[in-house]
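Enquirer: Numbering (our numbering), first residue to last: 2 to 83. In this text, a Cβ means the ideal position worked out from N, Cα and C, and glycines have one as well. These numbers were taken from a predicted model, which means no experiment stands behind them.
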């Protein structure tokens, strides 16, 4: 099971990018349904999109595990500078 949270999205013409975090959970063997989940990984994601006609297409996706020096803080700080 996974979830994605805290998105930053910027659209400029026919190009866009989005950033956010993802958490992947795994179920503990033998645990009852909807119980016994643990965090398997947490990552920072960056997506690039391009619009063609009326549809948006994913051009590139980058995922970095949390905890590294470039886990996303640098990118978000640049985004907030404007």
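Which of helix, strand or coil does DSSP assign to residue 34?
Expert: coil
Enquirer: According to DSSP, simplified to helix, strand and coil, what is residue 29?
Expert: Collapsing the DSSP output to three states places residue 29 in coil.
Enquirer: Report back the beta-carbon spacing between residue 20 and residue 3 to the nearest angstrom; my notes put them in contact at under 8 Å.
Expert: The Cβ separation is near 16 Å, so there is no contact.
Enquirer: Would you call the CB atoms of residue 44 and residue 64 closer than 7 Å?
Expert: yes
Enquirer: Could you check how far apart the C-beta atoms of residue 49 and residue 39 are, in whole angstroms? I think they sit under 8 Å.
Expert: 32 Å between Cβ atoms; not a contact.
Enquirer: Taking the DSSP output, what are the residues bridged to residue 51?
Expert: 16 and 58
Enquirer: Please return the same chain residues whose Cβ sits closer than 7 Å to the Cβ of residue 28, not counting the five positions on each side in sequence.
Expert: 37 and 38
Enquirer: Going by DSSP, what residues sit across from residue 45 in a beta bridge?
Expert: 22 and 65
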